[in-house]
Amino acid sequence: MYIILSFCKAPSDSTVIFRVRGSLEFSCWLESSNVSQSQTSVSTTFSDLRSKVRDESFVFNLCSSPVFIWPNKDCQASVGSVTASTPCGDLQKHVEVEDRDGGGRKKRKDRKTVSTVINLTSMTEVTVSDEENLSASHLSQKKKQHSVAMILPLDCVISTGADESVGIVCECLIGALCCQLSDMEKVVLQHMKGTAIPVPQPFHFMLPEPNGLVSVVYPANVSDSQLESCRKDLHKKYELPEDRPYFRRANVFQFPDQLFKDGYLRNPHEHLNHPNFEGANLYLVQGVYSYHHYMQDRMDDNGWGCAYRSLQTICSWFQQQGYVERAVPTHKEIQQALVDVGDKPAAFVGSRQWIGSIEVQAVLDQLLKVTSKIMFVSQGSELATKGRELANHFETEGTPVMIGGGVLAHTILGVAWSESSGQIRYLILDPHYTGGEDLQTITEKGWCGWKGPDFWDQQAYYNLCLPQRPKTI
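Laid out in structure tokens, this is it:
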């Protein structure tokens with residue numbers, strides 16, 4: 001069983017998330033012929049590390065600021081205006097942005113625009129280069145004893161109201177760090193084999209209400225497939241359904257102040273205002289997807305690649321919900337998949353030929369083992385009557401829908417539908433966009449936006465590909 005580290009409610013506009021990251025050096029001697037003695041040595045070392053976290057010399061640095069806080073020393077701070085009784089939300093005004101003014105000085109963040117995440121670093125942090133250096137422990141041998149040394153990656157999160165005092169926040173963070181070390185100890189003891197011990201790594205997951213943000217320790221270099229029994233235990237603990245993943249590494253919570261390294265925009269629809277008409281209910285895509293559109297990835301597919309891009313958006317959804325581990329397929333990989341299933345001739349690979357909903361269905365099945373339903377609409381005017389079917393899809397499956405008709409393909413991310421009046425609006429992600437990843441342009445110019453029934457060609461036929469969630473944990 002992998003132990004829960006911390007727990008906090010889902011962030012809201014009035015919530016401040018405190019995240020403290022750092023590293024501690026773990027070093028101990030293990031007896032190759034005495035398992036009990038080795039386990040005692042591991043436990044003693046973790047006990048020493050917890051004492052180190054509670055020591056008066058332990059320091060927090062408020063990231064991008066000159067503020068240092070000694071949490072175990074009555075919250076003494078390097079800035080006189082910060083005391084144990086200071087409202088924790090006031091720490092935001094000390095954070096500096098990276099862009100500089102004309103004089104070369106850093107500018108302080110406007111408190112109205114600052115993120116709700118406040119990052120702290122523990123002063124015992126050891127610099128390492130990402131996960132590669134955290135994936136194994138160092139081992140040396142001396143007679144029958146083995147010296148094991150590794151870097152423990154600390155990462156604790158709590159959330160609180162902005163009016164809570166700095167003193168209470170620091171107390172909670174110290175408690176969370178100590179709990180995390182205890183849970184790391186349990187993972188190490190459970191998975192150590194002789195003198196080989198795993199590096200424990202923390203991950204944060206946002207669960208449906210009322211659970212909120214939960215942290216879990218997994219051992220490095222142990223795949224998600226090997227952790228299935230652990231995930232089942234966690235699903236039972238938090239009363240979650242066992243037909244969809246919540247605790248795979250791909251499900252980790254993306255903090256509001258973190259940028260995605262691949263350059264794609266995530267969930268641009270979340271920045272839109274929703275339609276407001278009588279009896280309207282919203283039925284939206286569930287989870288995270290990437291916006292894929294013309295001219296990305298150094299691929300000039302302007303005029304022919306819209307269905308490919310819609311398919312890529314769908315594939316990104318399955319990847320980022322933890323259903324698949326493979327990367328989003330390229331145009332060539334999509335074409336090769338259609339050749340492999342016998343849908344297209346070999347010459348199709350490398351061409352600029354269009355694909356439609358039926359091909360999207362075939363590729364999802366071939367590459368992701370995802371099945372799809374196809375909705376046939378003989379003319380665009382009939383789409384106005386499909387509110388119930390689409391609402392049911394987004395409520396039960398929650399996947400992006402690819403719609404193709406004539407020479408155009410789009411992605412439907414949701415509907416606003418009134419059961420009483422039949423009124424409907426469609427949330428459309430348009431793959432025909434050719435610009436850069438400019439969220440403001442994409443939302444203001446309607447490349448991601450709500451459309452009425454007249455958006456569709458009233459006389460053209462349409463096929464909709466509705467991907468189904470695999471039943472897996």
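Sequential numbering of the sequence shown, starting at 1, is according to UniProt numbering.
Cβ atoms here follow ideal geometry from the backbone N, Cα and C, with glycine treated the same way.
(message) Using C-beta distances below 6 Å, list every residue in its chain close to E164, excluding the 5 sequence neighbours before and after it, in chain order.
(response) C88
(message) What does DSSP give as the partner residue(s) for Q201 in the beta ladder?
(response) Y218
(message) So, with DSSP's three-state summary, where would you put V377?
(response) strand
(request) Answer with buried or exposed for L154, where buried requires no fewer than 16 other C-beta atoms within 10 angstroms of its C-beta. (result) buried
(request) Evaluate contact between the segment 390 to 408 and the segment 461 to 470, counting only Cβ atoms and requiring at least three cross-stretch pairs below 8 Å. (result) yes
(message) Quick check: what's the CA-CA separation for E239 versus Q190?
(response) 25 Å
(request) Could you check if N273 is buried or exposed, using at least 16 other CB atoms within 10 Å of its CB as the buried criterion? (result) exposed
(message) For V395, which residues in the same chain have their Cβ closer than 6 Å to its Cβ, ignoring the five residues on either side in sequence?
(response) According to the sequence provided, residue 395 is Glu. The question's Val does not apply to it. Same-chain partners within the cutoff: Y283.
(request) Have a look at K373, C306 and A347 and flag the residue whose alpha-carbon is nearest the alpha-carbon of G356. (result) C306
(message) Using CA atoms only, rank isn't needed, just tell me which of G380, S14, T472 and Q336 is closest to V360.
(response) Q336
(request) Within 10 angstroms of the Cβ of Q440, are there 16 or more other Cβ atoms? Answer buried if so, exposed if not. (result) exposed
(request) Take L413 as the anchor and find which of T371, L181 and S290 has the nearest alpha-carbon. (result) S290
(message) I'd like the span of the beta strand (DSSP E) that includes E419, first residue to last.
(response) Premise fails: E419 is in no beta strand (DSSP E) and is neither H nor E.
(request) Ignore the nearest five residues each way along the sequence and tell me which others in Y426's own chain have a CB closer than 6 Å to its CB. (result) I412, V415 and K451
(request) Excluding the 5 residues preceding and the 5 following A460 in the sequence, name in chain order all residues of the same chain whose CB lies nearer than 6 Å to its CB. (result) G380, G405 and G406
(request) Look at the alpha carbon of C156 and the alpha carbon of Q254, and state the distance between them as a whole number of angstroms. (result) 14 Å
(request) Taking only the alpha-carbon atoms, compute the straight-line gap between T113 and F203 and give it to the nearest angstrom. (result) The predicted position of T113 is uncertain, since its pLDDT is 36 and thus under 50; no value can be drawn from it.
(request) Return the first residue and the last residue of the alpha helix (DSSP H) that I168 is part of. (result) V166 to H191
(request) Look up G80 in the DSSP assignment and say whether it is helix, strand or coil. (result) coil
(message) Is the separation between the beta-carbon of V20 and that of S64 shorter than 8 Å?
(response) no
(message) For the segment 362 to 379 against the segment 314 to 327, do three or more pairs of beta-carbon atoms, one drawn from each stretch, fall closer than 8 Å, so that the two count as touching?
(response) yes
(request) Please name the residue in P241, I197, M184 and Q180 whose C-alpha comes closest to that of P208. (result) P241
(message) Please classify T371 as buried or exposed, where buried requires at least 16 other C-beta atoms within 10 Å of its C-beta.
(response) exposed
(request) Starting from the Cα of V214, find the closest Cα among G350, A176 and D343 and give me that residue. (result) A176
(message) Only counting the same chain, and skipping five residues up and downstream in sequence, which positions put a Cβ closer than 8 Å to that of Q319?
(response) A250, E325, R326, A327 and V328
(request) Output the residue ranges of the beta strand (DSSP E) runs that lie fully inside the segment 18 to 92 and measure 3 residues or longer, sorted by chain position. (result) 60 to 62 and 68 to 70
(request) Could you spell out the range, first to last residue, of the alpha helix (DSSP H) harbouring S310? (result) C306 to Q320
(message) For Q226, which residues in the same chain have their Cβ closer than 7 Å to its Cβ, ignoring the five residues on either side in sequence?
(response) none
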